[in-house]
Amino acid sequence: MLLHVFRRQWKQRRLDYKMLLYQLHKDLQFASRFLSRPIFDEGEWLPTVLKPLWDVAAPYMPINPEEELDHAIIEDKTVSFWFTKSRPTLKYKKIQNTDSERLPPLPLVQTSAVSLAFHCHGRMISYYLDSEEQPKRDSLTDMAKAYLYAHKALAPASAQLLRWKNYNPRIMGVPIDDNCRLLNALGYAIDQCEIFSARGVGNKYLNARMWDLKVILQGFSYEEPLPSQGSVWFEEMVLSYQLGEELQRPLNDLSPASR
Numbered sequence: 001m002l003l004h005v006f007r008r009q010w011k012q013r014r015l016d017y018k019m020l021l022y023q024l025h026k027d028l029q030f031a032s033r034f035l036s037r038p039i040f041d042e043g044e045w046l047p048t049v050l051k052p053l054w055d056v057a058a059p060y061m062p063i064n065p066e067e068e069l070d071h072a073i074i075e076d077k078t079v080s081f082w083f084t085k086s087r088p089t090l091k092y093k094k095i096q097n098t099d100s101e102r103l104p105p106l107p108l109v110q111t112s113a114v115s116l117a118f119h120c121h122g123r124m125i126s127y128y129l130d131s132e133e134q135p136k137r138d139s140l141t142d143m144a145k146a147y148l149y150a151h152k153a154l155a156p157a158s159a160q161l162l163r164w165k166n167y168n169p170r171i172m173g174v175p176i177d178d179n180c181r182l183l184n185a186l187g188y189a190i191d192q193c194e195i196f197s198a199r200g201v202g203n204k205y206l207n208a209r210m211w212d213l214k215v216i217l218q219g220f221s222y223e224e225p226l227p228s229q230g231s232v233w234f235e236e237m238v239l240s241y242q243l244g245e246e247l248q249r250p251l252n253d254l255s256p257a258s259r
């Protein structure tokens with residue numbers, strides 16, 4: 001119902017971006033906790049709505065050098081695309097936590113980084129669910145199954161890293177939306193990749209498995225190396241209506257009716 005309301009507002013050039021981002025934040029927590037598809041990232045509607053925002057904010061985002069991903073870790077084109085897509089948001093968060101490089105807290109730039117992170121998180125969850133049945137086919141070789149499980153693990157690991165680092169609200173240092181289903185799925189995929197790799201693939205996906213394990217270990221530590229800017233953003237957005245007013249002005253011309 002709410003998604004229908006957002007779509008109608010978008011057509012009428014009255015979309016409440018502040019409320020949309022709030023729902024995307026809750027969608028992220030819900031999808032992570034229950035390992036389910038994001039409700040508000042269905043088809044191409046969300047990227048269509050957010051792309052004009054990303055384009056306007058792009059000149060103010062930190063420059064991200066074009067570096068190829070390690071193909072020993074990522075071979076799947078879809079996973080590679082979303083890893084690359086999430087890079088600017090991770091770099092933005094890192095810079096915001098470094099006093100010497102801190103960028104001005106422009107609402108437009110902040111909202112662009114946050115919304116892109118939400119979108120990447122949801123697509124990684126959807127990738128995992130889409131590929132859930134593939135390794136179970138009897139006709140697949142051990143090498144093919146090792147490949148599928150390696151990327152099945154990378155997707156939830158990436159989603160959890162985005163969430164743990166920036167979008168996991170806490171009370172007295174303890175996550176209030178913590179979960180185990182996504183972690184269990186990640187652990188199972190790693191175990192299966194280990195099993196089928198041992199049958200002939202060897203260490204081909206060792207780097208991928210090591211990265212997944214690093215993400216898991218970070219999840220067991222409540223004290224993160226960097227402050228959670230995403231949680232700060234969430235609290236500020238809920239408590240202050242000023243952000244919504246500042247956002248609405250530059251976004252008024254982004255709806256299709258204005259073109």
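For the sequence shown, full-length UniProt numbering gives the first residue as 1, with consecutive numbering after it.
C-beta atoms are modelled at their ideal positions from N, C-alpha and C, and glycine is treated no differently.
Please read these numbers as outputs of a predicted model, since none were measured by experiment.
- L53 sits away from S139, with the two beta carbons spaced by 8 Å or more.
- Contact between Y127 and T84 does not hold, since the beta-carbon distance rounds to 14 Å and is not under 8 Å.
- Put simply, of P88, Q192 and Q160 the residue whose alpha carbon is nearest the alpha carbon of A58 is P88.
- With respect to the 8 Å criterion, L213 and I190 are classified as neighbours on the basis of their beta carbons.
- In this model, R163 and M143 are separated by some 31 Å (Cα to Cα).
- In its own chain, leaving out the 5 sequence neighbours on each side, no residue places its CB closer than 6 Å to the CB of R14.
- Between L182 and S32, the C-beta spacing is below 8 Å.
- Between A159 and H119, the CB-CB gap reaches or exceeds 8 Å.
- Ranked by Cα distance from R7, the options Q23, W45, K18 and L35 are led by W45.
- For S126, the enclosing alpha helix (DSSP H) covers residues P107 to D130.
- Within a 10 Å sphere around the beta-carbon of D130 sit fewer than 16 other beta-carbons, which makes this residue exposed.
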